[in-house]
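Everything on this sheet refers to the single structure shown next.
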Amino acid sequence: MIQNYSIENKKLPLIPIRGIGIFPNMVIHFDIGREKSVNALEEAMLEDSDIFLTVQKEADIDSPKEDDFFEVGVICKIKQMIKMPGDNIRVLVEGLYRAKILEITQNEPFFEVNIDEYVYNFNIQIDENLDAMIRLSLEQFEEYASIYSKIAPDAVSSLKGIKDPDKLADVIASYVYLKPEQKQELLEIFDPYERLNNLNNYIAKEIKVLKIEDEISEQVRKQVSEFQRDYYLKEQMKAIQRELGEDENTELEVEEYIKKIASAKMPKEVKEKAEKEIGRLLKISPSSPDSGVIRTYVDWLIDMPWDKKSKDNSDLKKARGILQEDHYGLMEVKERILEYLAVKHLNKSMKGPILCFVGPPGVGKTSIAKSIARAMNRKFVRISLGGMRDEAEIRGHRRTYVGAIPGRIISSIAKVKTNNPVFLLDEIDKLANDFRGDPASALLEALDPEQNNTFTDHYIDAPFSLENVMFITTANSTSTIPEPLLDRMEVIEISGYTDEEKSNIAQKYLIKKQLSEHGLKDKQVNISLNAINEILRKYTRESGVRNLERHIGKLVRKAAVQIVEKNKKSVTINSGNIKNFLGLPKYSYDVAYEENQVGVVTGLAWTSVGGETLFIEVNTMKGDGKLQLTGQLGDVMKESAMAALSYIKSNNDKYDIDDKVFKETDIHVHVPEGAIPKDGPSAGITIATALISALTKRPVRQDVAMTGEITITGRVLPIGGLKDKLLAANRAGIKKVILCTKNKSEVVKIDSKIIKSLEIVYVNSIDEVIKEAMA
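When we follow my numbering, the leftmost residue of the sequence shown carries the number 135, and every step to the right adds one.
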């Protein structure tokens, strides 16, 4: 006998399987759910490559390592992949060749191995020994198949047509009942003759075991009397019929469905689809899997609120009162809702708006949406989009998938049973996407007023109108929202609150809420206004009120301990004893330096969580004119620094700076805090002022802050995020703020309470900035 092998080194992703075995020329399916296995499958699908399967030594190990699976496995071709309910994936593969791992090239995010691929020569010369072994194997298997009832009758005849001894051995092994270790032992034998020999030994043992089982079964059957046998079979038949539902009257069920369809007030085309599906129930067996699929689908169609809607509140005074009762401030949002209600009262067919509330965390974006639903007398629905990657979450799965359900939009509307709810899509700026689809693109149809009257979910497979739904989305920033999606929404910015607004919110809402949640009455805990102001100044630093509410909750809990432990009737918390409850203050909103400094300037920055003060520091030293920038600055901020230095060099006479300074001095610009990335053009005039201060040794006023973009000709350009920046200046004790003249129109719109303690100076050039900022 001559054996020929061809060997080829190749890299493949690996999936360790457990509880099953696989041979070449064998087609099997199995489920995977472990993260590494899913990553390996995704890599194979993306690269259109095969996958390497090997068996775990211990099936109960959830996170196998290099030593936990066998070296010899099978290279498989992926034929089909189906997403199952939950996070599991069902994979159908075909075994190609056995192979051995040479080395494991990577462990994360999936196993990748370098393998030796053994491909047998199908023209093996069969000598007398191998021929005898093949005949013996076929005879043994034929006897085994005659005893083992789970093998199909035509399996033996199909095996006789296989001429390749290597393939024959693997196919027979796939039919025979073997333990996992026996399967692995056969897989690791590359010589067909030796493999057939071992396989014959296993088959012979199995034949003996099966004969013994038949003898025992026969003895047991004889011991059961005819009466007991008949009774058992009859009861078993009744149970099977009950399980299959064959004792139910399908015709009565169909009539009941037709009545429900008629009362659901579906559109004509949807009604016809539902009736057609119900008609199929009469033509198929009640035990058919399709029967359950049809019932579930028609139930969804019936449950959809095709013609059911809440009656809008047309009393604007009542709506205004509810909005004022639930929230302090947010006047732009409230006025927009009242405008919609007024126009809806005049034009009943008006489409629902798509509003996008943009602002830092804790300013009430989600809670105001609930109040809007209450003011409009509508049902409220909320889904979170943060981290959503699968398009099917929005559009649903097609009914061809096992366990398919509608998307979250349709299923949520079916749950509230009205077609005009207030629908909140939370955290729309945190959508993601991968190979399963792009949920942002799927949202385009739902959020486009010109398209959403025919929104089609993949599962329902029928148009459902969303034009009456009032969609509200929330985001911390619009920068990560795709442009086509942002274009379909009306953006309303909700900036941070002033300390005065926060104080009012705490007194009117937060204290009462926390007392109620902790089971205390107003008389038992008294939190003074001074205590609230102390929290705002020294314990929180935020644009919203989330941390403020947490600190109030902490005060209430500490008070509850004293009431229960020391049997006090009431507890009073004021600025004098607040440290006993909250500990030492965390923050100080004084400016960074008590005295005027050379080369240090206070800037104002906008972040997704509100405004912040930003300190630009410049140091000079002997050198050869290098400019060094540190503090994790982005490209735009670096360009602002270079533009500022370019302007100063070209206008050095104006500031009495010698030309030699730029050739003999290294300049280091640093922006604390160094671990936080920073970018944007609004620090331009701040950097320029710091550079001029350091080069001229003139100090900058410590109570002055500024924000604005600079050009290489010294002009000052406008910037955004003014309200949040001015709030940050107010919190930090800044007295004077320098802005671009073109920002004046935006400052006028800001509540005067925010800027009452600030002196705002408007400038057009860096020369004016220096005049106002230098001490």
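Even for Gly, the Cβ is constructed at its ideal location relative to N, Cα and C. Keep in mind it's a predicted model, so treat the numbers as computed, not measured.
Please identify the residue among the options whose C-alpha is closest to the C-alpha of residue i.
i, options, result
"Thr823", "Ile626, Ala777, Ser662, Lys797", "Ala777"
"Lys564", "Gly521, Leu577, Thr830, Leu581", "Gly521"
"Glu176", "Arg832, Val161, Pro198, Glu246", "Glu246"
"Glu635", "Ser308, Gln190, Asp885", "Asp885"
"Val208", "Asn159, Gln240, Arg680", "Asn159"
"Leu738", "Ser271, Gly855, Glu192, Asp250", "Gly855"
"Asn587", "Trp440, Phe514, Lys549", "Trp440"
"Lys297", "Ser271, Lys797, Arg508, Tyr309", "Ser271"
"Val903", "Ile826, Ile888, Asp858", "Ile826"
"Glu525", "His592, Phe557, Asn664", "His592"
"Tyr535", "Lys869, Leu187, Ile223", "Ile223"
"Phe598", "Val805, Glu579, Asn610, Thr608", "Glu579"
"Leu187", "Leu321, Glu340, Asp265, Tyr278", "Leu321"
"Arg529", "Ile517, Arg542, Ser518", "Arg542"
"Leu581", "Lys313, Asn602, Ala596, Asp595", "Asn602"
"Lys692", "Lys294, Leu649, Lys783", "Leu649"
"Ala338", "Ile281, Glu389, Glu315", "Ile281"
"Ile819", "Tyr278, Leu682, Tyr781, Asp792", "Tyr781"
"Asp250", "Lys145, Ile341, Leu302, Ile260", "Lys145"
I'd like the span of the beta strand (DSSP E) that includes residue i, first residue to last.
i, result
"His802", "799-804"
"His685", "That residue, His685, is in no beta strand (DSSP E); its alpha helix (DSSP H) goes 680-699."
"Phe164", "161-166"
"Trp740", "734-741"
"Asn660", "659-661"
"Val770", "It is not in any beta strand (DSSP E) - Val770 instead sits in the alpha helix (DSSP H) that spans 769-784."
"Ile223", "223-240"
"Ile488", "488-492"
Reducing DSSP to helix, strand and coil, say where residue i ends up.
i, result
"Ile900", "helix"
"His479", "helix"
"Ser183", "coil"
"Asn331", "helix"
"Asp813", "coil"
"Ser501", "helix"
"Phe256", "Confidence is the limiting factor: at Phe256 the pLDDT is only 47, short of 50, which leaves the residue's position unreliable and the question unanswerable from this model."
"Gln762", "strand"
"Arg622", "coil"
"Gly455", "helix"
"Lys756", "strand"
"Asn248", "strand"
"Phe204", "coil"
"Val705", "strand"
"Glu322", "coil"
"Lys144", "strand"
"Lys191", "coil"
Are residue i and residue j closer than 9 Å when you measure CB to CB?
i, j, result
"Asn567", "Ser444", "no"
"Leu851", "Val881", "no"
"Ile436", "Ala398", "yes"
"Gly872", "Ser816", "The sequence shown places Ile at residue 872, rather than the Gly named in the question. Not in contact: Ile872 and Ser816 (Cβ atoms no closer than 9 Å)."
"Leu654", "Val690", "yes"
"Pro616", "Ala576", "no"
"Ala839", "Val803", "no"
"Glu189", "Ile238", "Per the sequence shown, the amino acid found at residue 189 is Val instead of Glu. Not in contact: Val189 and Ile238 (Cβ atoms no closer than 9 Å)."
"Tyr431", "Glu403", "no"
"Ala863", "Gly745", "yes"
"Leu559", "Leu620", "no"
Determine, using beta carbons only, whether residue i comes closer than 9 Å to chain D.
i, result
"Pro811", "The question asks about chain D, but that chain is absent: this structure has only one protein chain."
Could you spell out where the alpha helix (DSSP H) holding residue i opens and where it closes?
i, result
"Ala822", "818-830"
"Lys647", "645-651"
"Phe715", "712-716"
"Glu728", "Neither: Glu728 is in no alpha helix (DSSP H) and is coded neither H nor E."
"Lys308", "The sequence given here has Ser at residue 308, not Lys. First-last of the alpha helix (DSSP H) with Ser308: 299-309."
"Asn638", "633-639"
Practice problem: Return the chain-ordered ranges of every alpha helix (DSSP H) run that is complete within the stretch 837-892 and spans a minimum of 4 residues. | Solution: List check, alpha helix (DSSP H) in window: 856-865, 878-883, 886-889.
Quiz item: Which ranges does the beta strand (DSSP E) cover as unbroken runs of at least 3 residues, wholly within the stretch 539-617, from first to last along the chain?
Solution: Runs of the beta strand (DSSP E) spanning 3 or more residues and lying entirely within the stretch 539-617 occur at 556-560, 604-609, in chain order.
Exercise. At 4 residues or longer, and completely inside the stretch 260-292: list those alpha helix (DSSP H) runs for me, N to C.
Key: Fully enclosed alpha helix (DSSP H) runs of 4 or longer: 262-281.
Self-check item: Whole beta strand (DSSP E) elements within the stretch 406-437, 3-residue minimum
Solution: For the stretch 406-437, not a single whole beta strand (DSSP E) run of length 3 or above is found.
Practice problem: Just list the alpha helix (DSSP H) runs in the stretch 500-534, keeping only unbroken ones of 4 residues or longer that don't cross its boundaries, in chain order. | Solution: Taking only runs of at least 4 residues, the alpha helix (DSSP H) segments lying wholly in the stretch 500-534 are 526-529.
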